[in-house]
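Protein chains in written order, with my numbering: chain A, 193 to 466; chain B, 24 to 353; chain C, 14 to 490; chain D, 630 to 788.
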């Protein structure tokens, strides 16, 4: 970290390298110093602690998918990990790298957001924690200072096993970039009403985001077609999608509506099965 | 909701160049042990041409595939060839090889005739033997004959030949003429599922039945069909070079969307039983046509599933959804 | 690992032994020679079985009809197939090509002096140094390296040969090209208009046309029970061979040049090289290996004359391998088609007459457009008996990537149109799509759109066999 | 920088610039050209090798990171007596055409079968989604992998 701090903008931390090595090839002169952090023990490992499920930032997507704890407690994180790149990139790519790169379409972000994940940041002057939502500042921009690194992700204990569903929509099935990512999570009260709904969206705004108004519209309601559709419609009003060569903003709005409805519906089904 | 649909498309496709001469030449050298070397100027581009051409030479000489070694693609050493283009290799180069091999074989027949006390025209090459037609028990092995011809008589069994498909110039006013020697035919049927809320098209299964005349090597023909279909699926649903102000915006494999293993449906491919008397052992060709009807079959299946006619390719999920929404609005 | 890239690189240059320069005196010694990294120990050969028994199928007679395995298949599986980029030769150097960022512009000047002073650079090349700076299978309208006008963003304008690929790439950024932008046209339907900017001024943008005429189409349409019309369009597609184009050229003391190339057609490739290099054919040796995917995209020379000239300038083998980006922007692609179909049918589904207009986006150069136009036009009516037919097909230049040969030469485009059109008509007439096709399909002895008597026709058989295999009847809704 | 690693069971080392990828190290410094350069950015999979049991895109891994680790390339599969079952089945079924994707495909398949010798068709497709092929439509490749898996699990059951 001292190395990163003293070299400031000309230094980069190297995690899995699936994005950074490509960047270096495109602009070889931009970086003077690479610090390999992928093997740091304090940034690795998956474990259940008092606070919840701790995922080291240097955990690869393949490790996440193979982890019994993650499969059991947060299966949607496994599902989301499975949509990242292909086997070879999942073997190299880390969850921390995916979040720090901070592209709007980062596949790991929505399912983590939906479970109110917390990011722990390590700096030369100690550690701090922020809700993952605040970690993202803009496209390719996080709150990390040059001397700081993302150390770990924590899924709070109360959200382990929270009914959740994730859908990635891309232009093909293998190795796809997301046009839209949607993750939903919710509880059902004893009287069958929705509690603590979360709707997290990717690739439809400068950063991965919550659809807070949509969540509010669903909170306390029975999850029927009317309430779920209404939430999906409200979610569309909250996003700021762009037109690009992959898809129009309008199409992304359609997808958000359809996929928000589907993820909420599936989450509610899981909840009622429990 | 996901809706199922099926679509059929058939096609025809010519072998070789449009009118223009596109000859191939070949040389076949029979070794004194009865194995052979084939020289061809074509290039193996993955389709299995050299294997098929070796099989054609072997068949003409009555020997096995493995008995022929194929030398290719060196302008210093191999005869001219118009090349791996226009689905012409099996047909055009194949016919040239038959002529070359027949010429070499004729030398063996002439050497064997006195050995078997018959006339050369009474002989055939079969099962690594030169034998008397109708009397297969009267034979000499091809190795014995080749050795005798080269070492005793002093006449090495080497043959060369060339072939150019016969065509007739097209009339400039009406286009009437005979631009190609022969054509192949095919049908593909696609079974698809269309999500009418996202426009996503999933191809579940494609049945493809192709005519290539005699399949010289059915395994390689199947490979051509399967590969052609994957290219056809990309053309149908995903692939497009996009421009902004005249510059490509997706010149990479991240954003140029070609099918991955996960995008491929179940394929059932087979061949029509057919024989073209103008082709080598009845064969025509199989390279390009395999990619031709796929997109049309998929578009017809989309229509069958959700009732929208896609008139411009590729049928991206966005395009399909907007056609569905337009139809609902109308 | 914590590595200071820059520092390490600099220290490396200091420690380095200077590259052995055996090249002629005319060669400029690179200012900052890069090091040849030292390979330390063991270079054990790769191990694999040398005497496997042959598969029984390859030993069978008769040979035709056998599912014989491919001899190259084993080498592929072992990783032992030598593609061009796997080849190295002593003293081999690497070439890179600078490409135009403009879709249409006049080249005012090209200054390579700064690039020549870059570390590791041994030579540069521009179009004016190529003996005959044009090529193309039908029309020789394409420069090897553009030196007067660039016609699409991707035209090569200058080349660099250096000790490493990275040095060659770095040097490209130092070449200064001054352009004067010219008006552009990208849409083929715009390009076909009289007042459109001319891609090859003063010539018309329409550079090839084909007409096929049979019977009396207007009369047939009048006599039809129903007439259908629809326009179809297709997109530009890339071949995507997994192996990018690659070649190595080396000039020898007898003035012969040997070129190893990923070309799929060496005989005509040598013709093109003899022409562009101004050399007799017997002074050129073109060798192909197994091409790592072609699909029509490797049917023409691309960088081969450039590498040959750079080899002549440096006295070394010169390798040039496309990046994936080069593969997209500078190789050929599939023609986009705009297709207008008008078809008259009887109530029972019989096609009486068909009128077709095809406009092919020919991109910036002709390449294999004439063949695509011919095949597309001839095949456009489909495998059907149609007594009255008019096909009019035109290819037009645009300031886009060159379109050329690609698997099917226009057939996938027109098949998409005629088979979509066929289904529309079947649905409108209430006829099963399979039946609609069977009623019109060619049979043995049918006459093609060009008046050819067809033999070995198997279209109905393929339709029926496919329908049976699919379960067409059973799956009817 | 000096990179020392184990490649196909042999200890190898090379002095390379720090920005060298594992792919360049293998191809240019160790003369192992089985892994190919098809895109250089991790999209095509032709450069796939196994590092410590996991398949990776060697074009995305810096050589320095492979230091001290065990790398298996396509050249490490066969012995002087026999082909690897994957190589055998790929050849027998005509699974490869131009062959350029082949080494990467076989390495991805090996990484799969080493962990899961009896995969489903979906698992095979999923394991190959990072290896593009333009010739074959993947069909015969998938068949060959399933067949090779059967051979490998039978051989394992016998031993």
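We put the CB at the ideal spot given by N, CA and C, even for glycine.
Integer-rounded CB distance, given that residue 88 (chain B) should sit under 8 Å from residue 106 (chain B): About 23 Å; that fails the 8 Å criterion.
Interface residues of the stretch 211-238 of chain A facing chain D [CB-CB below 8 Å]: Listed by position, the residues of the stretch 211-238 of chain A near chain D (Cβ gap below 8 Å) are 213, 214, 216, 217, 220, 226, 228 and 230.
Residue(s) in a DSSP beta bridge with residue 460 (chain C): C:466
Straight-line gap, residue 315 (chain A) to residue 183 (chain C) (C-alpha atoms, nearest Å): 37 Å
Spatial distance of residue 357 (chain C) from residue 460 (chain C) (CA atoms): 19 Å
Chain A contact residues for residue 756 (chain D), given Cβ-Cβ distances below 7 Å: 279
CB of residue 450 (chain A) within 7 Å of CB of residue 221 (chain B), strictly: yes
Pair within 7 Å by beta-carbon distance, residue 136 (chain C) and residue 323 (chain C): yes
Contact residues within the stretch 646-665 of chain D, judged by C-beta distance below 8 Å to chain B: none
Within chain B, the residues that residue 766 (chain D) reaches when beta carbons sit closer than 7 Å: 249, 250, 252, 253, 287 and 290
Residue 125 (chain B) - partner residues in DSSP beta bridges: Answer by DSSP bridge pairing: none, since residue 125 (chain B) is not bridged.
Pair within 7 Å by beta-carbon distance, residue 282 (chain C) and residue 276 (chain C): yes
Through-space distance from residue 128 (chain C) to residue 31 (chain C), alpha-carbon basis: Note that residue 31 (chain C) has pLDDT 35, beneath the 50 cutoff, so the model's placement of it is unreliable and the number below is only indicative. Taking the straight line joining both Cα atoms gives about 20 Å.
Partner residues on chain D for residue 336 (chain B), Cβ-Cβ distance less than 7 Å: Going along chain D, no residue has its Cβ under 7 Å from residue 336 (chain B), so there is no contact; the nearest lies around 18 Å.
Contact with chain C by residue 197 (chain B), beta-carbon distance below 7 Å: yes
Where residue 45 (chain C) falls, given that 16 or more other Cβ within 10 Å makes a residue buried: Reliability of the predicted coordinates at residue 45 (chain C) is poor, the pLDDT of 45 falling under 50, and no value is obtained from them.
Proximal residues to residue 306 (chain C) (C-beta, below 8 Å), its chain only, five neighbours per side dropped: 252, 253, 254, 255 and 256
Residue range of the unbroken beta strand (DSSP E) whose run includes residue 203 (chain A): 203-206
Contacts of residue 688 (chain D) in chain B (Cβ-Cβ under 8 Å): Residues of chain B passing the Cβ test: none, with the nearest at roughly 12 Å.
Cutoff 7 Å: residue 263 (chain A) Cβ touching any chain D Cβ: no
Euclidean distance between Cα positions of residue 385 (chain A) and residue 425 (chain A): 19 Å
Boundaries of the beta strand (DSSP E) in which residue 294 (chain B) is found, first to last residue: Judged by DSSP secondary structure, residue 294 (chain B) falls within the beta strand (DSSP E) whose first and last residues are 289-294.
Cβ of residue 333 (chain C) within 7 Å of any chain D Cβ: no
Near-chain A residues of the stretch 711-742 of chain D (beta-carbon distance less than 9 Å), N- to C-terminal order: Of all residues in the stretch 711-742 of chain D, those with a C-beta nearer than 9 Å to a C-beta of chain A are 733, 737, 740 and 741, reading in chain order.
Which residues DSSP lists as bridging residue 33 (chain B), in chain order: B:210
Residues of its chain near residue 369 (chain C), where Cβ-Cβ distance is below 6 Å and the 5 sequence neighbours each way are ignored: 354, 393 and 404
4 or more residues per run - each alpha helix (DSSP H) lying fully within the stretch 409-443 of chain A: 417-430
Interface partners of residue 290 (chain A) on chain D, CB under 8 Å: Neighbours of residue 290 (chain A) on chain D: none; closest Cβ ~14 Å, over 8 Å.
Contact set for residue 51 (chain C): own chain, Cβ-Cβ below 8 Å, skip 5 residues either direction: Unreliable positioning characterises residue 51 (chain C) in this predicted model, as indicated by a pLDDT of 49, which lies under 50. The coordinate reading is nonetheless provided below. No residues qualify anywhere along the chain.
Contact set between residue 366 (chain A) and chain B, taken where Cβ atoms lie within less than 7 Å: 283, 284, 285 and 286
Residue 300 (chain C) versus residue 81 (chain C): straight-line alpha-carbon distance, rounded: Whole-angstrom Cα-Cα distance: 26 Å.
For residue 323 (chain B) and residue 436 (chain C), believed in contact at Cβ under 8 Å, the rounded distance: 5 Å
Residues that residue 27 (chain B) bridges to, as DSSP identifies them: B:216
Of the listed residues D:671, D:678, D:662 and D:682, nearest to residue 59 (chain C) (C-alpha basis): D:662
Rounded C-alpha distance that separates residue 362 (chain A) from residue 276 (chain A): Those two C-alpha atoms are separated by around 11 Å.
Assigned secondary structure, residue 770 (chain D) (DSSP; H/G/I helix, E/B strand, else coil): It is helical.
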